[in-house]
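A short write-up of the structure that comes next.
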Ligand code: HEC
Ligand code: HEC
Ligand code: HEC
Ligand code: HEC
Ligand code: HEC
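Numbering (our numbering), first residue to last: 3 to 376.
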């Protein structure tokens, strides 16, 4: 081995020794993946050798099932079993988490998927995960794409739980209106009160959740950075929380950790769906069903539901509930006598149809007459 290479390797090793403990201790997990729910680092990690996916106790889906299992798991309220994965037209109630991404682009892909290498959303956040989760031909080296390729294998990326979810934090905004997007405080009071005058929350809708100041923003917003406290109640524009060490300043970004789903990136307009299922989006040209090209086309998305010449301008409840008009912000509320909100078709904040207007990700049985639940 040339001397220069030998010294470089020693350097990499020494720097690695300093980096490893630093990275481990600076990483935090946000609620409900935290101590208050008896979820600790070593419930998921071994930390005996490498960090990241290769340091977890089980393979990705098995790791999640270890708590998300009925009836005994810590997260038994949100259980998963491998059989819940959907086979279109046959069975299942959940988006698949063992599906492979195509290796090459083909506009006629049956699921409208493009290749993992060409994902772009949020600086390639999903793409970066697909380099860590997948399988190597002949099981040469399943640790990562680079290790697999270095050992002469071919890497097949798999869209597993931790591709869509980042169980360490809640930075991505969700589609469902029952979670709060990232907000900014509008005035400072004390260490138990947060004010945001732009809100119109339902009284106590956030009680039991947590107010958080994300550690990622610590360099610009240092006060209480990386800390979270339980919310004891709220008015339309303020939260009352268990005391932080310092008063909550004005102009600070905050999160409410309730129903935020640990999304890796924002999915408030089905952006995650669009990144992988690119050939079902308007950008790809595939949804323009009025101009048949010979390629497979799909229902229009990113289109506003306005002029009622050929369709209703308000989504209606299904026939089991007599076609009454849905109500409320983004049509999130029920219409008529229907009490089932899991059959509602919700639009995005700009009144546009998105994937999640018709689809849902988990606990969905595709039957409009039943209420979907875990
Ligand atoms: C509920 C399970 C779970 C808990 C609890 C958990 N982790 Fe993780 N952690 C994971 C998984 C899964 C990954 C890899 C997947 C990913 O990249 O999101 C990961 C990745 C990491 C990484 C690598 C980050 C990266 O960007 O590759 C570090 C470091 C880490 N965890 C440290 C910790 C520490 C420290 C704690 C305790 C404060 C902790 N983890 C708690 C599941 C967990
Ligand atoms: C050590 C236990 C543990 C493991 C392992 C674990 N979870 Fe959880 N998770 C929990 C608990 C506890 C909750 C809260 C459940 C509840 O609402 O009652 C939760 C809730 C969630 C939620 C909902 C959060 C919200 O906003 O309401 C998501 C999403 C989630 N987990 C994803 C995952 C994924 C993905 C994995 C695997 C990478 C995983 N979890 C592994 C304990 C765990
Ligand atoms: C293709 C992406 C994707 C995959 C794969 C995926 N999820 Fe999710 N999951 C989502 C999205 C998006 C949501 C939030 C939907 C919303 O806006 O409410 C979600 C929501 C959840 C929730 C909250 C559900 C609820 O109704 O409270 C849990 C828990 C969860 N996921 C766990 C998992 C686990 C565990 C796995 C793997 C076994 C997994 N997810 C695989 C995208 C995914
Ligand atoms: C990380 C890439 C990725 C993301 C993000 C993603 N999907 Fe998928 N999707 C897949 C893969 C892979 C399959 C399975 C293909 C197969 O079985 O060969 C799939 C399958 C599906 C199916 C067929 C049923 C099933 O689960 O097999 C539907 C419907 C679907 N996705 C909708 C969505 C929606 C809606 C979103 C946004 C919430 C979404 N997908 C986000 C990769 C993704
Ligand atoms: C207007 C409602 C609607 C919208 C919007 C919609 N879908 Fe679908 N999608 C459906 C229905 C209904 C099916 C089932 C068709 C069947 O059973 O043959 C389906 C099936 C699928 C399938 C399974 C494979 C197939 O083609 O049968 C995938 C993948 C899928 N949709 C992805 C998406 C994605 C990604 C988006 C957003 C870009 C989206 N859908 C938007 C209603 C919709």
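Using N, Cα and C, we set each Cβ at its ideal position, and we do this for glycine too.
Per-residue burial, residue i [other beta carbons within 10 Å of its own, 16 or more giving buried]
i           : result
residue 33  : buried
residue 208 : buried
residue 213 : buried
residue 238 : exposed
residue 99  : buried
residue 359 : buried
residue 292 : exposed
residue 368 : exposed
residue 61  : exposed
residue 93  : exposed
residue 162 : buried
residue 107 : exposed
residue 323 : buried
residue 348 : buried
residue 148 : exposed
residue 330 : exposed
Proximity test, residue i beta-carbon vs ligand 4 heavy atom, cut-off 7 Å
i           : result
residue 88  : yes
residue 102 : yes
residue 346 : no
residue 167 : no
Same chain, Cβ closer than 6 Å to residue i, neighbours up to 5 away in sequence not counted
i           : result
residue 185 : 198 and 256
residue 268 : 174 and 175
residue 159 : 103, 118, 132 and 136
residue 366 : 95 and 374
residue 71  : 81
residue 273 : 123
residue 225 : 248 and 251
residue 67  : 82
residue 134 : 55 and 146
Check: residue i C-beta below 7 Å from any heavy atom of ligand 3
i           : result
residue 80  : yes
residue 363 : yes
residue 1   : Lying outside 3 to 376, the shown extent of the chain, residue 1 is not represented and no answer is given.
residue 158 : no
residue 132 : no
residue 282 : no
residue 263 : yes
Cβ-heavy atom distance, residue i to ligand 1, below 7 Å
i           : result
residue 31  : yes
residue 48  : no
residue 357 : no
residue 164 : yes
residue 145 : no
residue 65  : yes
residue 269 : no
residue 58  : yes
residue 34  : no
Helix, strand or coil at residue i [DSSP, three-state]
i           : result
residue 67  : helix
residue 122 : coil
residue 207 : coil
residue 197 : strand
residue 372 : coil
residue 324 : coil
residue 331 : helix
residue 184 : coil
residue 306 : strand
residue 136 : strand
residue 128 : helix
residue 93  : strand
residue 358 : helix
residue 55  : helix
Residue i beta carbon near ligand 2 (any heavy atom closer than 7 Å)
i           : result
residue 41  : yes
residue 366 : no
Check: residue i C-beta below 7 Å from any heavy atom of ligand 5
i           : result
residue 97  : no
residue 116 : no
residue 301 : yes
residue 369 : no
residue 275 : yes
Close Cβ partners of residue i (< 8 Å) along its chain, the five nearest in sequence each way excluded
i           : result
residue 228 : 30, 215, 216, 217 and 220
residue 193 : 245, 246, 247, 248, 249 and 250
residue 167 : 263, 264, 265 and 266
residue 109 : 281, 286, 288, 297 and 298
residue 111 : 104 and 281
residue 362 : 344 and 374
Spatial neighbours of residue i in its chain, beta-carbon cut-off 7 Å, leaving aside the 5 residues before and after
i           : result
residue 351 : 332
residue 271 : 350 and 356
residue 48  : 57 and 59
residue 327 : 316, 318 and 337
task: Jot down the residue ranges of each uninterrupted beta strand (DSSP E) in the segment 217-299, minimum 3 residues, whole runs only, in chain order.
output: 230-236, 240-243 and 255-259
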